[in-house]
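In our numbering, the protein residues as written are 130 to 204.
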Amino acid sequence: MDDDRAAGLVAAFAALAGRDIAEAEVRATVAHSRALSPAAANAIWGRFRRAPGTVSLRDYLAMTLRFVEQDPPAQ
């Protein structure tokens, strides 16, 4: 997925979470998502499941984008 489409998704995810974020934060979140290893994304997910309030919005949005961009499982 290209960065512009990813940025649109991040902004939409933030709106669904009840937050309005600036374009600079959207772009930083896309970059953060691109840098996340699978292990780091899974660690964020684990923290989110245990205590959602301890996960930063940027981590939450980056993790969500990373999971959305994954290829679907083989059938």
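C-beta atoms are modelled at their ideal positions from N, C-alpha and C, and glycine is treated no differently.
Quick caveat: nothing in here was measured; it's all calculated off a predicted structure.
Sequence-distant Cβ neighbours of T158 in its own chain, meaning closer than 6 Å and more than five residues away, are V139, R187, L190 and A191.
Here the alpha carbons of E198 and S185 stand approximately 20 Å from one another. According to the DSSP assignment, R148 belongs to no alpha helix (DSSP H), since it is labelled neither H nor E.
Burial is judged here by how many other beta carbons sit within 10 angstroms of a residue's own beta carbon; A135 has at least 16 and is buried.
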